[in-house]
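This report concerns only the one structure given below.
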Amino acid sequence: MIPILGLAAGVLLGLVFDPTVPLWLQPYLPIAVVAALDAVFGGFRARLDGIFDAKVFVISFVSNVVVAALIVFLGDQLGVGAQLSTAVVVVLGIRIFGNAAAIRRHVFRA
Amino acid sequence: MTSARPAGGVRSLGASLLDDVLAETLDPAYAQAAAARAARGEQRAPSRWGGQVLVALVMVVAGLLIAVTYDQAAAKAQGRQEVRAALVRDIQARSELGDELAGQLDELRVEVSRTSDDLLAATTEGQRALDALARAEQGTAALAVTGPGLLITLANAEAEADDDPVGGTSEADPRGRVQDGDLQLVVNALWAAGAEAISINGQRLGPTSAIRFAGEAVLVDFRPVTNPYEVRAIGDPDALAREFLLDAEVQSLAAVSLNFGLRFDFAKEEELSLPAAGSPELRSAELLDTRRAAGTDPTPGG
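Protein chains in written order, with this note's numbering: chain A, 572 to 681; chain B, 49 to 350.
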């Protein structure tokens with residue numbers, strides 16, 4: 572329950588205070604969000620599986636976001652930023668989808 | 049690492065990579081941590097306060113990230129629209145200003161010519177200069193003229209009805225289009241036939257006018273004119289038509305346009321009115337020997 576409240580609080584904070592993001596960071600926000608979503612879905616599924624671990628969750632979240640942004644940054648430097656973004660989104664998208672399916676199986680027993 | 053592999057057969061690296069991506073949706077670290085706990089004999093992860101707070105904080109960050117990114121995307125779309133609207137407003141304001149200035153220029157030019165006419169008309173020498181000026185203005189297409197003449201219409205070939213607009217050759221046959229050379233040919237033939245003034249689509253041709261091609265458009269005096277091209281020529285219609293049709297180049301153009309479906313019509317008109325050409329640029333000026341007054345000194349530029 573607390574994590575969901577935290578998520579809602581974060582969304583509210585972001586919408587209310589509307590923090591300005593430095594320009595150089597802006598291109599990496601969408602990919603960071605996808606990575607964060609992957610970590611959040613993974614954590615939720617692990618909780619349902621009964622193997623949730625706070626340390627693993629925090630580390631996977633941070634490393635996911637940082638690595639995804641780094642990969643895109645590296646791609647931008649090499650001139651393949653768009654393609655690498657696509658690759659990251661595809662891989663993370665598949666994982667999110669798989670985790671969502673697992674969560675669905677847990678919740679609806681189907 | 050822990051995903052089950054289908055038995056049998058040699059699997060390529062690419063296939064196993066895809067298998068990993070598709071099968072291993074959960075971070076294996078969770079399973080490893082659970083296994084480590086089981087090895088230590090613990091049943092579940094201990095729900096320490098520190099861990100809970102940390103998880104909540106990470107979730108706050110995730111929510112913040114989502115909200116900020118959403119905001120950014122929305123602001124970007126809105127910003128684009130605002131910028132576009134501002135640019136449109138700018139363009140409108142500038143073109144209004146340009147129109148206003150052009151109007152002012154016309155007024156001032158009329159005033160200048162009236163004043164100079166008044167001054168010159170006072171003396172016989174001035175009268176002679178005035179007559180010369182009038183002739184020169186006629187020649188440089190500086191005055192609007194009306195009179196009988198010829199109206200020649202050139203138009204691109206119509207697209208054939210059974211042409212497939214999607215597949216096949218998307219490019220229209222360039223020979224079915226009016227080229228700058230065709231217009232030049234017509235205009236030259238008209239001058240040769242004794243035309244006194246010529247305009248193309250309402251664009252008066254002066255002695256320095258150029259007819260050129262730029263991409264798809266024909267430019268007359270660097271202003272684009274579009275299909276169909278209406279060439280108006282003032283002069284005696286009968287003489288013009290006779291001379292014009294006798295021109296060998298015009299005859300070959302007529303044959304070509306018949307072959308490729310170009311429209312090439314001409315009609316005698318009782319009353320054509322041609323606008324004045326754009327304001328002539330002052331390109332050279334020279335001192336008058338008779339009067340070296342300060343007022344007649346040519347000024348550079350203009």
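Glycine residues also receive a C-beta, built at the ideal position from the N, C-alpha and C atoms.
Legend entry - Buried versus exposed call for Gly89(B) [16 or more other C-beta atoms within 10 Å across all chains shown]: exposed
Legend entry - With 16 other Cβ atoms within 10 Å as the buried cut-off, status of Gly197(B): buried
Inset, instruction - For Gln251(B), decide whether its Cβ has a neighbour in chain A, counting only Cβ atoms nearer than 9 Å. - result: no
Inset, instruction - Using beta-carbon positions only, say whether Ile248(B) and Val268(B) come within less than 9 Å of one another. - result: yes
Legend entry - Cβ contact check for the segment 599 to 609 of chain A and the segment 114 to 129 of chain B: 3 or more pairs under 8 Å: The segment 599 to 609 of chain A, when compared against the segment 114 to 129 of chain B, does touch it at the 8 Å Cβ threshold.
Legend entry - Of the listed residues Gly585(A), Arg616(A), Val659(A), nearest to Leu674(A) (C-alpha basis): Note on residue identity: the sequence assigns Ile, not Leu, to residue 674(A). Checking every option, the nearest Cα to that of Ile674(A) belongs to Arg616(A).
Inset, instruction - Locate the beta strand (DSSP E) running through Gly195(B), then write down its first and last residues. - result: 193 to 203
Inset, instruction - Determine whether the Cβ of Ile259(B) lies closer than 9 Å to any Cβ atom of chain A. - result: no
Legend entry - Inter-residue Cα distance where the pair is Glu278(B) and Val116(B): If I take the Cα positions, the gap works out to 59 Å.
Inset, instruction - Please report the Cβ distance between Ile642(A) and Leu663(A), rounded to the nearest whole angstrom; I am assuming they are in contact, meaning their Cβ atoms lie under 8 Å. - result: With a Cβ gap of about 11 Å, Ile642(A) and Leu663(A) do not count as contacting.
Legend entry - Chain-order list of residues whose beta-carbon lies under 7 Å from that of Ala302(B) (same chain, five-residue window excluded): Phe312.
Inset, instruction - Would you list the one or two residues that DSSP bridges to Asp166(B)? - result: Asp166(B) is not bridged to any residue.
Inset, instruction - Give the secondary structure of Phe312(B) by DSSP, where H, G and I count as helix, E and B as strand, and everything else as coil. - result: DSSP places Phe312(B) in strand when its eight states are reduced to three.
Legend entry - Where Gly89(B) meets chain A, residues with beta-carbon distance less than 8 Å: The contacting residues do not exist; Gly89(B) stays about 16 Å from chain A at best.
Legend entry - Under the three-state DSSP convention, the category Phe261(B) falls into: strand
Legend entry - Cβ shell of Asp228(B) (< 7 Å), same chain only, five flanking positions each side left out: Within the same chain, and ignoring the five residues on either side of Asp228(B) in sequence, the residues whose Cβ sits closer than 7 Å to its Cβ are Ile259, Arg260, Phe261, Val266.
Legend entry - Among Arg128(B), Val106(B), Pro323(B), nearest to Val582(A) - alpha-carbon criterion: Val106(B)
Legend entry - Beta-carbon proximity of Gly614(A) to Pro574(A), cut-off 9 Å: yes
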